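Engineer: In terms of full-length UniProt numbering, the sequence shown opens at residue 1 and continues consecutively. For each residue, glycine too, the CB sits at the ideal point set by N, CA and C. Nothing here was measured: the structure is a model prediction, and the numbers come from that model.
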Amino acid sequence: MTATIDSSLDRTQLFIGGQWVDPATSEVIEVVSPATEEVVARVPAGSPADIDRAVEAARRAFDHGPWPRMTPEERIEVVARFSGLYATRMEEMAQVISTEMGSPISFSSLAQAPAPWMMAETFVNIAREFGWEERRAGALGEVVVRREPVGVVAAIPPWNVPQFTTMSKVVPALLAGCTVVVKPAPETPLDGYLMAELLAEAGVPEGVVSFVAGDREVGAHLVAHPGIDKVAFTGSTAAGRKIAAVCGEQLKRVSLELGGKSAAIVLDDADLAAVSEGIKFMGLMNSGQACVAQTRILVSRQRHDEVADALTEMLRGLTVGDPLDPASEIGPMVAKRQQERVNGYIGIGQDEGATLVAGGQGMPDGLDRGWYVRPTLFAGVDNSMRIAQEEIFGPVLSLIAYDSVEDAVKIANDSEYGLAGTVWTADAEAGLDVARQVRAGTYGVNTYTMDFAAPFGGYKASGIGREFGPEGLAQYTELKSVYTSVPEM
Ligand code: NAD
1 MTATIDSSLD RTQLFIGGQW VDPATSEVIE VVSPATEEVV ARVPAGSPAD
51 IDRAVEAARR AFDHGPWPRM TPEERIEVVA RFSGLYATRM EEMAQVISTE
101 MGSPISFSSL AQAPAPWMMA ETFVNIAREF GWEERRAGAL GEVVVRREPV
151 GVVAAIPPWN VPQFTTMSKV VPALLAGCTV VVKPAPETPL DGYLMAELLA
201 EAGVPEGVVS FVAGDREVGA HLVAHPGIDK VAFTGSTAAG RKIAAVCGEQ
251 LKRVSLELGG KSAAIVLDDA DLAAVSEGIK FMGLMNSGQA CVAQTRILVS
301 RQRHDEVADA LTEMLRGLTV GDPLDPASEI GPMVAKRQQE RVNGYIGIGQ
351 DEGATLVAGG QGMPDGLDRG WYVRPTLFAG VDNSMRIAQE EIFGPVLSLI
401 AYDSVEDAVK IANDSEYGLA GTVWTADAEA GLDVARQVRA GTYGVNTYTM
451 DFAAPFGGYK ASGIGREFGP EGLAQYTELK SVYTSVPEM
């Protein structure tokens with residue numbers, strides 16, 4: 001099976017304020033297949049004028065419409081209906097995402113499409129139990145503590161897990177009573193169209209949700225728009241810093257899910273076969289284009305070569321190819337510039353003196369088009385090297401030797417990032433002990449399975465705030481205390 005041009009993916013309109021409308025300009029985004037380098041769809045490129053229309057509709061719906069004034073139960077009903085409709089189109093969603101950004105269909109069918117559905121279902125359950133209004137025995141009498149919607153939300157997802165990062169914002173925002181303007185990345189506008197159709201079908205009222213795909217200037221216009229109350233952003237740390245600065249100046253609420261450089265700590269008692277299988281998924285998922293990818297593999301000095309051999313064998317056995325072929329384990333990079341960036345880092349690693357033991361620059365065997373890179377392993381890496389410090393966002397792993405468990409924790413923490421991490425050991429208690437010492441927002445012992453009932457996010461330069469769980473829902477609310485007891489004077 002190969003990616004083919006499917007004109008049914010073409011769109012001529014934007015979804016603004018719950019209606020399909022003509023865009024303000026005739027500018028077009030060409031969605032290019034990373035596998036064939038051919039245009040697979042054309043959609044309108046959103047402009048600042050389109051953003052203005054979307055924010056005005058969202059503002060009107062928030063200030064005067066029914067959505068924020070409905071009961072949580074009424075909103076839950078609509079979101080639950082949306083989630084049910086989404087479930088019926090999951091396979092289509094997986095195909096769309098693999099087509100637009102090149103994720104292997106095995107990963108899209110396992111995670112890109114179903115995980116957002118699980119997320120929506122979990123949020124619906126959380127919303128049913130959430131403390132929307134609490135009567136608290138205060139120091140001076142009863143206080144009513146309310147959670148009210150934060151207002152008009154700008155949701156800005158990246159291209160790597162586009163539906164996942166859109167759902168993680170849209171669903172809690174809707175449940176809280178907010179209205180939302182989504183700005184999908186220009187590489188991945190198509191999954192947003194599908195989501196917009198499903199939201200409309202579920203009966204989300206007029207004005208409540210808009211999708212305007214566009215470039216970073218369009219995103220910056222949305223962030224700075226005076227009609228926006230909160231920005232929910234997932235993307236690079238560089239863009240996150242700029243967005244945080246604007247929100248700081250304007251005192252807008254902001255949550256940031258940013259980059260990572262996570263370490264997998266392999267303790268001496270770990271089962272090597274399990275480590276190798278684990279790294280295959282957790283280090284290389286989505287062709288290495290994952291914020292939580294475990295790309296620094298920390299091993300004791302005496303097991304360094306043995307682990308290098310096991311990982312080399314695993315990497316050489318990977319099937320690299322057409323993302324729409326179910327046999328493919330690694331697909332292309334999202335864009336030519338990303339392919340060049342990853343190959344650039346492979347060159348940097350060699351220049352820095354790391355030992356290239358698998359992969360390297362150039363196209364994988366048997367492929368002559370598409371933005372592929374060879375799954376690559378560097379051994380003998382020092383944690384101060386750029387390949388160990390900077391987010392590469394491709395299938396490139398670094399093996400780093402440690403002298404003691406204490407040293408391993410120190411190396412894991414020697415990073416500007418703090419998004420995720422794993423430890424591999426036969427001793428669950430020893431694993432938990434390591435987990436307690438690593439400064440990261442999420443951690444796995446012999447696994448890394450994101451649980452949507454628990455908070456997710458980063459320490460340090462990996463972000464501010466948390467998505468998922470009741471904590472993720474709370475990010476879309478303001479707290480209000482209402483004093484109802486007249487104290488006796
Ligand atoms: P990016 O920062 O270039 O872009 C992300 C989104 O923000 C896009 O929609 C882009 O158009 C928009 N954007 C960029 N600059 C902007 C600005 N100044 N103002 C407003 N909008 C702006 O990131 P990317 O290359 O699309 O995504 C990859 C990055 O995302 C990686 O660093 C990855 O680690 C991170 N990521 C983090 C998480 C997480 O949950 N922590 C999840 C997925 C991806």
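Could you pull the DSSP bridge partners for T376 from this structure?
Structural biologist: Taking the first residue of the sequence shown as position 1, residue 376 is located at position 376. Bridge partners of T376: V396.
Engineer: From the DSSP output, read off the bridge partner residues of Y483.
Structural biologist: Counted from its first residue, the sequence shown places residue 483 at position 483. Beta-bridge pairing links Y483 to V143.
Engineer: Beta carbon of E416, beta carbon of Q437: below 9 angstroms?
Structural biologist: For the purposes of this step, residue 416 is taken as the residue at position 416 of the sequence shown. For the purposes of this step, residue 437 is taken as the residue at position 437 of the sequence shown. Not a contact, by the Cβ cut-off of 9 angstroms.
Engineer: Using a Cβ-Cβ cut-off of 7 angstroms (strictly less than) and excluding sequence neighbours within five positions of S276, which residues of its own chain qualify?
Structural biologist: Along the sequence shown, one-based indexing puts residue 276 at 276. Excluding sequence neighbours, S276 sits near A310, L311, M314.
Engineer: Can N160 be considered in contact with the ligand NAD, in the sense that its beta carbon sits closer than 8 angstroms to one or more heavy atoms?
Structural biologist: In the sequence shown, the residue the question calls residue 160 occupies position 160. Within the cutoff, so yes.
Engineer: Alpha carbon to alpha carbon, how far is V307 from L298?
Structural biologist: For the purposes of this step, residue 307 is identified with residue 307 of the sequence shown, where counting begins at 1. For the purposes of this step, residue 298 is identified with residue 298 of the sequence shown, where counting begins at 1. Straight-line Cα distance between these residues: approximately 10 angstroms.
Engineer: For F62, report the span of its alpha helix (DSSP H) as first-last.
Structural biologist: Translated into the one-based positions of the sequence shown, residue 62 becomes position 62. Run containing F62: 48 to 64, per the alpha helix (DSSP H) assignment.
Engineer: So is the beta-carbon of D451 under 8 angstroms away from any non-hydrogen atom of the ligand NAD?
Structural biologist: Counting from 1 along the sequence shown, the entry for residue 451 is found at position 451. Flag unset: Cβ of D451 not near the ligand NAD.
Engineer: Alpha carbon to alpha carbon, how far is I126 from V78? Give it in angstroms, no decimals.
Structural biologist: Within the sequence shown, the letter at position 78 stands for residue 78. Within the sequence shown, the letter at position 126 stands for residue 126. One C-alpha to the other measures close to 15 angstroms.
Engineer: Could you tell me which uninterrupted beta strand (DSSP E) segments, each at least 3 residues in length, are contained entirely in the region 234 to 268, listed from first to last along the chain?
Structural biologist: You should have 253 to 257, 262 to 266.
Engineer: In whole angstroms, what separates the C-alpha of G131 from that of S481?
Structural biologist: Working through the sequence shown from its first residue, we reach residue 131 at position 131. Working through the sequence shown from its first residue, we reach residue 481 at position 481. Spanning the two alpha carbons is a distance of roughly 13 angstroms.
Engineer: I'd like to confirm the pairing. Which residues does DSSP put opposite I348 in its beta bridges?
Structural biologist: By one-based count along the sequence shown, residue 348 stands at place 348. DSSP lists no partner for I348.
Engineer: Starting from A35 and walking both ways along the alpha helix (DSSP H), at which residues does that stretch end?
Structural biologist: Working through the sequence shown from its first residue, we reach residue 35 at position 35. Taken as a continuous stretch (DSSP letters only), A35 belongs to no alpha helix (DSSP H), as it is neither H nor E.
Engineer: If you draw a straight line from the alpha carbon of T4 to that of R301, how long is it in whole angstroms?
Structural biologist: In the sequence shown, residue 4 corresponds to position 4, counting from 1. In the sequence shown, residue 301 corresponds to position 301, counting from 1. In this predicted model, T4 has a pLDDT of only 49, less than 50, meaning its place in the structure is not dependable; the value taken from the coordinates is given anyway. Cα-Cα distance, rounded: 48 angstroms.
Engineer: Quick check: is any heavy atom of the ligand NAD less than 8 angstroms from the C-beta of A45?
Structural biologist: What you label residue 45 is simply residue 45 of the sequence shown in a count that begins at 1. It does not: the Cβ of A45 is nowhere closer than 8 angstroms to a heavy atom of the ligand NAD.
Engineer: Which parts of the region 113 to 194 are runs of the beta strand (DSSP E), unbroken and 3 residues or longer, counting only runs that do not cross its ends?
Structural biologist: Taking only runs of at least 3 residues, the beta strand (DSSP E) segments lying wholly in the region 113 to 194 are 133 to 137, 142 to 149, 152 to 156, 179 to 182.
Engineer: Note down, one range per segment and in chain order, each beta strand (DSSP E) of at least 3 residues found wholly within the region 276 to 324.
Structural biologist: Fully enclosed beta strand (DSSP E) runs of 3 or longer: 294 to 300.
Engineer: Cβ-heavy atom distance between F107 and the ligand NAD below 8 angstroms?
Structural biologist: Taking the sequence shown and counting its residues from 1, one reaches residue 107 at position 107. No - the ligand NAD has no heavy atom lying nearer than 8 angstroms to the Cβ of F107.
Engineer: Pull up the CB-CB distance for F164 and P104, whole angstroms please, since I reckon it's below 8 angstroms.
Structural biologist: Within the sequence shown, numbered from 1, the residue matching residue 164 stands at position 164. Within the sequence shown, numbered from 1, the residue matching residue 104 stands at position 104. Actually they do not touch by this definition, with Cβ atoms about 15 angstroms apart.
Engineer: Do V218 and V231 have their CB atoms nearer than 9 angstroms?
Structural biologist: Taking the sequence shown and counting its residues from 1, the one referred to as residue 218 is at position 218. Taking the sequence shown and counting its residues from 1, the one referred to as residue 231 is at position 231. In this structure, V231 does not lie closer than 9 angstroms to V218 by Cβ.
Engineer: Rounded to whole angstroms, what is the Cα-Cα separation between Y476 and P149?
Structural biologist: Taking the sequence shown and counting its residues from 1, the one referred to as residue 476 is at position 476. Taking the sequence shown and counting its residues from 1, the one referred to as residue 149 is at position 149. Computed Cα separation, rounded: 6 angstroms.
Engineer: Taking A426 and D271 to be in contact with their CB atoms under 8 angstroms, please state how far apart those CB atoms are, rounded to whole angstroms.
Structural biologist: Along the sequence shown, read from residue 1 onward, the residue named residue 426 stands at position 426. Along the sequence shown, read from residue 1 onward, the residue named residue 271 stands at position 271. Correct: roughly 7 angstroms between the Cβ atoms.
Engineer: Just reading off the beta strand (DSSP E) that S210 is part of, what are its end residues?
Structural biologist: Here residue 210 refers to the residue found at position 210 when the sequence shown is read from its first residue. Counting along the chain, the beta strand (DSSP E) containing S210 begins and ends at 209 to 211.
Engineer: Report the rounded CA-to-CA distance for L419 versus S462, giving the unit in angstroms.
Structural biologist: The sequence position of residue 419 within the sequence shown is 419, counting from 1. The sequence position of residue 462 within the sequence shown is 462, counting from 1. Roughly 5 angstroms separates the two Cα atoms.
Engineer: Using only alpha-carbon positions, find the residue among L258, A139, R253 that is nearest to V161.
Structural biologist: Here residue 161 refers to the residue found at position 161 of the sequence shown. Minimum Cα distance to V161 is reached at L258.
Engineer: Determine the direct distance from the alpha carbon of D268 to that of K183, and round the result to whole angstroms.
Structural biologist: Here residue 183 refers to the residue found at position 183 of the sequence shown. Here residue 268 refers to the residue found at position 268 of the sequence shown. Each residue's Cα considered, the two are about 46 angstroms apart.
Engineer: Output the boundary residues of the alpha helix (DSSP H) element that contains I411.
Structural biologist: Within the sequence shown, numbered from 1, the residue matching residue 411 stands at position 411. Looking at the DSSP string, the run of the alpha helix (DSSP H) that includes I411 is 405 to 413.
Engineer: Looking at C-beta atoms only, is the number of pairs between the region 66 to 85 and the region 184 to 203 that lie closer than 8 angstroms three or more?
Structural biologist: Result yes; three or more Cβ-Cβ pairs closer than 8 angstroms.
Engineer: Give me the Cβ distance between Y443 and A435, rounded to the nearest whole Å; I'm assuming they're in contact under 8 angstroms.
Structural biologist: Counting from 1 along the sequence shown, the entry for residue 443 is found at position 443. Counting from 1 along the sequence shown, the entry for residue 435 is found at position 435. 4 angstroms between Cβ atoms; contact.
Engineer: What I want to know is whether the C-beta of K183 ends up closer than 8 angstroms to one or more non-hydrogen atoms of the ligand NAD.
Structural biologist: For the purposes of this step, residue 183 is taken as the residue at position 183 of the sequence shown. K183: yes, Cβ under 8 angstroms from the ligand NAD.
Engineer: Hey, quick one: how far does the alpha helix (DSSP H) through A430 stretch, first residue to last?
Structural biologist: Your numbering for residue 430 matches position 430 in the sequence shown. That run of the alpha helix (DSSP H) goes 428 to 437.
Engineer: Quick check: is any heavy atom of the ligand NAD less than 8 angstroms from the C-beta of V320?
Structural biologist: Along the sequence shown, read from residue 1 onward, the residue named residue 320 stands at position 320. V320: no, Cβ never under 8 angstroms from the ligand NAD.
Engineer: Which of the three DSSP states, helix, strand or coil, is assigned to I228?
Structural biologist: As a working mapping, residue 228 is identified with position 228 in the sequence shown. I228: coil per DSSP, three-state reduction.
Engineer: When we look at the beta-carbon of G64 and count the other beta-carbons within 10 Å, is it buried (16 or more) or exposed?
Structural biologist: Position 64 of the sequence shown, counted from the first residue, corresponds to residue 64. Residue identity check: residue 64 is His in the sequence provided, not Gly. Exposed is the call here.
Engineer: Are the C-beta atoms of A335 and some chain B residue less than 9 angstroms apart?
Structural biologist: Although the question refers to chain B, the structure presented lacks it and comprises just one protein chain.
Engineer: Just verifying my parser: in three-state terms, what is the DSSP assignment at F82?
Structural biologist: Residue mapping note: residue 82 aligns to position 82 of the sequence shown, counting from 1. Three-state result, F82: helix.
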